[in-house]
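Down below is the structure, laid out as structure tokens.
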Amino acid sequence: MLLNENTRAKYQAEICPVLDNRVVSPGYHRIQLQAPAIARTVEPGQFVQVFMPSRHSQMLPRPFSVYRADPAAGELTLLLEVKGRGTALLAEVSAGAALKLLGPLGRGFPSPPPHSLLVAGGMGIVPLAFLAASTGAPGTLIYCARTAGLLVCPRPELDRPGLSIIEATDDGSRGEQGTAADLLSRRIEGAGAVFACGPRLMLAAVKKICRRAGVKAWFSLEERMACGIGACLGCAVATTGGYRRVCRDGPVFPAEEVILDE
Amino acid sequence: MNEKTFKPDLSVNLAGIALDNPILAASGPFGYGHEYRELIDFKDLGGIIVKGISPEPWAGNPPPRVTETPSGMLNAIGLQNPGLEKFLAEDLPQLRGSGPRLVVNVVGCSLEEYAEVASGLEGAEGIDGLELNISCPNVKAGGMAFGTDPDATRRVVEAVRRRTGLPLLVKLSPNVTSIVAIARAAEAAGADGISLINTLGGMLIDTGQKKPLLGNVFGGLSGPAIMPVALKMVWEVAGAVKIPVLGMGGITSADDALQFIMAGARAVAIGTGLFYDPDLPAQIKTGLIEYLKQENLTHLGQLEGAARL
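Order-wise, the sequence lines are chains A and B. Each residue of the first sequence is one higher than the one before, starting from 2 at the first, in our numbering. Each residue of the second sequence is one higher than the one before, starting from 87 at the first, in our numbering.
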């Protein structure tokens, strides 16, 4: 187990000026914030709770995996999909406004060993883009979606030396044609470890492939959340060790501990 | 009165529990306090009501357990808790002496289980009171079954009363025809105070998946959506019993808190509001002081039931 059971997150609330908010693809926003305290300590796989703008203060904060962090500049970037009322409100914020953030929260990814495979399904790209950017020898990133329009992460923001990127779509509209499982099974041999984030069905397939190949895998999970710090037990997921909290015990879990609908 | 030195007194006595201020963390959202301790100043809380404790550990309900609703949220956590023994060994020592008064929420599946927890907590250092949870809508056995019938309420309160000398609050469910009848039964059976309200039963369906959104199918509705319902019930109960009332249900501002106090509550508890803004206890405390100053009142107690006169 690479994660230390006794590691306690040190999180704090921070009022963060919005530096930039732009549409990267219809319905997808990239929000850049000045968040020096969080940017300084956040690790790949950790997340932040974003509180609603004050006039909508009677809504729950929304959890987002961190997409990029620049500790030197004190900047934090989120990539979000407009899915409901909360994300729609956040998509409206403009540069100059401020958002209250709480973070960094949860346990992130362990350090990837050489020849790691990063598997991202759709918006699962967010924590993996951060992981790829933060590691010396990032290995291979398999970036999949149903169709080209759902590969929303701007390619220049993923490209970096030492990272081989394979894009794929179920319908073949961009990159290779095939699912994450198809692509992973062709490359699993000799892999150092697998790091995955995406839909549950994808994770279930990834888990099977890794188990068969004897390769260690780590999953970043998502669940509906309320407090975000581990108090309310709202974001429980089933694991071999009983219900565990995505927000505090995760969001990154060893794949073999996660019970998916297999 | 001297503007500079005038500092209104927020302290209240809730059922024998002396509170520095009338703002408590409601049972549930706050867990056992460990996580919020890293985030908020406990001095802003008069008391903490820890999440329900049963004799043995409870695993809780399958996910999803929470979802947002218009002006509120639904939850079906299922009273997941570490059980009495682990609470005493691991959680209580960390909370003891943290500042706010400590009230332990007690749950069980039978009279015997409620009594067992009460006995187990008796004499444990650092506990200032008990809150009997006979109102959780999210567990099949026990829970709300005890809180929807006056006779069952009387029996469970009597069973616990025999086992504890601690101040005893009884937390009522709003999912009843007459909450006044339940409150009177609790009072007659020896309760020192009444907490209300717990969540209102509710559900949502995921039309994409064609199945209930919560893993437990039904959940409890909380947040600002239920505040007027809670306020009415506090008003009714405060007018029907002699013991003090702890009001809760959708409080998200000092004005909300004042409304509960003016309806007859001695103190208030914050649940879902803490999720919207962890600074809420501090904001309410500041707001109460400002209001008292503005009204030239020296004690918060002067406002208890003020709207009833």
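All C-beta atoms, glycine included, are put in the ideal place defined by N, C-alpha and C.
Under the three-state DSSP convention, the category residue i falls into
| i | result |
| --- | --- |
| Phe304 (chain B) | coil |
| Ile213 (chain B) | coil |
| Ile103 (chain B) | strand |
| Ala36 (chain A) | coil |
| Asp177 (chain B) | helix |
| Gly279 (chain B) | strand |
| Phe220 (chain A) | strand |
| Asn5 (chain A) | Model confidence at Asn5 (chain A) stands at a pLDDT of 38, short of 50, so the residue's coordinates are unreliable; what they give is reported in the following sentence. Coil. |
| Phe65 (chain A) | strand |
| Gly150 (chain A) | helix |
| Asp95 (chain B) | strand |
| Leu81 (chain A) | strand |
| Glu124 (chain B) | coil |
| Ala439 (chain B) | Summary: the structure shown does not reach residue 439 (chain B), with chain B confined to residues 87 through 395, and so no result is reported for it. |
| His116 (chain A) | coil |
| Ala134 (chain A) | helix |
| Pro255 (chain A) | strand |
| Thr285 (chain B) | coil |
| Ala92 (chain A) | helix |
From the options, residue whose alpha carbon lies closest to that of residue i
| i | options | result |
| --- | --- | --- |
| Arg278 (chain A) | A:Leu185, A:Ile39, A:Cys233, A:Val51 | Residue 278 (chain A) is absent from the structure shown; chain A starts at 2 and stops at 263. |
| Cys17 (chain A) | A:Leu129, A:Leu102, A:Leu119 | A:Leu102 |
| Ala393 (chain B) | B:Asn99, B:Gly325, B:Thr285 | B:Gly325 |
| Leu164 (chain A) | A:Asn22, A:Pro115, A:Leu90, A:Ala73 | A:Pro115 |
| Gly102 (chain B) | B:Ile375, B:Ala368, B:His385, B:Leu255 | B:Leu255 |
| Gln369 (chain B) | B:Asn191, B:Ala340, B:Leu386 | B:Ala340 |
| Ala311 (chain B) | B:Pro115, B:Thr285, B:Glu322, B:Gly146 | B:Thr285 |
| Ala92 (chain A) | A:Val51, A:Ala182, A:Glu15, A:Pro105 | A:Val51 |
| Ile166 (chain A) | A:Pro64, A:His57, A:Val120 | A:Val120 |
| Arg108 (chain A) | A:Cys228, A:Ser221, A:Asp262, A:Tyr244 | A:Ser221 |
| Lys11 (chain A) | A:Thr88, A:Ala73, A:Gln47 | A:Gln47 |
| Ser112 (chain A) | A:Gly122, A:Ala138, A:Val127 | A:Ala138 |
| Glu217 (chain B) | B:Asp363, B:Pro298, B:Gly138 | B:Gly138 |
| Ala146 (chain A) | A:Gly125, A:Ala239, A:Ala98, A:Ala74 | A:Gly125 |
| Ala194 (chain A) | A:Asp183, A:Pro252, A:Ile210 | A:Ile210 |
| Pro72 (chain A) | A:His57, A:Leu234, A:Pro162, A:Arg41 | A:Arg41 |
Nonlocal neighbours in the same chain, by C-beta distance under 7 angstroms from residue i, ignoring five residues either side
| i | result |
| --- | --- |
| Cys236 (chain A) | Glu224, Arg225, Met226, Arg246, Val247, Cys248 |
| Ala274 (chain B) | Arg240 |
| Arg9 (chain A) | Since pLDDT at Arg9 (chain A) reaches only 47, below the 50 mark, its modelled position is unreliable, and no value is offered. |
| Ala210 (chain B) | Leu174, Leu178 |
| Glu322 (chain B) | Ile265, Val266 |
Min CB distance residue i to chain B below 8 angstroms
| i | result |
| --- | --- |
| Leu3 (chain A) | Unreliable positioning characterises Leu3 (chain A) in this predicted model, as indicated by a pLDDT of 37, which lies under 50. The coordinate reading is nonetheless provided below. Closer than 8 angstroms: no. |
| Phe254 (chain A) | no |
| Cys233 (chain A) | yes |
| Ile230 (chain A) | yes |
| Tyr1 (chain A) | Any property of residue 1 (chain A) remains undetermined from this structure, which presents chain A solely from 2 to 263. |
| Tyr244 (chain A) | yes |
| Arg212 (chain A) | no |
| Thr8 (chain A) | Only weak support is given to the placement of Thr8 (chain A): the predicted model assigns it a pLDDT of 45, under 50, and the value that follows is read from those uncertain coordinates. No - not a single Cβ of chain B is within 8 angstroms of the one on Thr8 (chain A). |
| Arg41 (chain A) | no |
| Glu224 (chain A) | yes |
| Val238 (chain A) | yes |
| Phe48 (chain A) | no |
| Ala14 (chain A) | yes |
Near the ligand FMN: residue i beta-carbon under 7 angstroms from a heavy atom
| i | result |
| --- | --- |
| Val152 (chain B) | Judged by which ligands are present, the structure shown has none, so any question about the ligand FMN falls away. |
Proximity test, Cβ basis, 8 angstroms: residue i and chain A
| i | result |
| --- | --- |
| Ala269 (chain B) | no |
| Asp363 (chain B) | yes |
| Ala145 (chain B) | yes |
| Pro314 (chain B) | no |
| Glu124 (chain B) | yes |
| Pro186 (chain B) | no |
| Pro149 (chain B) | yes |
| Pro310 (chain B) | yes |
Close Cβ partners of residue i (< 8 angstroms) along its chain, the five nearest in sequence each way excluded
| i | result |
| --- | --- |
| Glu158 (chain A) | Arg69, Ala130 |
| Glu6 (chain A) | Legend: pLDDT at Glu6 (chain A) = 39, less than 50; position of this residue unreliable, no value from coordinates given. |
| Lys208 (chain A) | Ala218, Phe220, Ala256, Glu257, Val259, Leu261, Glu263 |
| Thr372 (chain B) | Ala340 |
| Gly301 (chain B) | Asn147, Pro148, Pro149, Pro150, Arg151, Ala162 |
| Asp21 (chain A) | Arg31, Ile32, Gln33, Ala96 |
Cβ-based neighbour list, residue i, same chain, cut-off 6 angstroms, excluding 5 preceding and 5 following
| i | result |
| --- | --- |
| Leu79 (chain A) | Ile32, Phe65, Tyr68 |
| Val43 (chain A) | Val67, Ala70, Pro105 |
Select from the stretch 152-176 of chain B all residues with a C-beta closer than 7 angstroms to any C-beta belonging to chain A, and list them in chain order. Within the stretch 152-176 of chain B, the qualifying residues are Val152, Thr153, Glu154, Ser157, Met159, Asn161, Ile163, Gln166.
Residues within the stretch 16-34 of chain A neighbouring chain B, beta-carbon criterion of under 7 angstroms: Residues of the stretch 16-34 of chain A with a Cβ closer than 7 angstroms to any Cβ of chain B: none.
Which residues, in chain order, does the stretch 101-122 of chain B contribute to contact with chain A at a C-beta distance below 9 angstroms? Going along the stretch 101-122 of chain B in chain order, one finds Gly114, Pro115, Phe116, Gly117, Tyr118, Gly119, His120, Glu121, Tyr122 with a Cβ nearer than 9 angstroms to chain A.
Interface residues of the stretch 316-339 of chain B facing chain A [CB-CB below 7 angstroms]: The residues in question are Thr338.
Please identify, using Cβ separations under 7 angstroms, the residues of the stretch 102-133 of chain A that lie next to chain B, in order along the chain. Under the 7 angstroms Cβ criterion, the stretch 102-133 of chain A contributes no residue.
Against chain B: residues of the stretch 55-68 of chain A by CB proximity under 8 angstroms: Within the stretch 55-68 of chain A, Ser58, Gln59, Met60, Leu61, Pro62 place their CB atoms closer than 8 angstroms to a CB of chain B, listed in sequence order.
The stretch 289-306 of chain B: which residues have C-beta closer than 7 angstroms to a C-beta of chain A, in chain order? Going along the stretch 289-306 of chain B in chain order, one finds no residue with a Cβ nearer than 7 angstroms to chain A.
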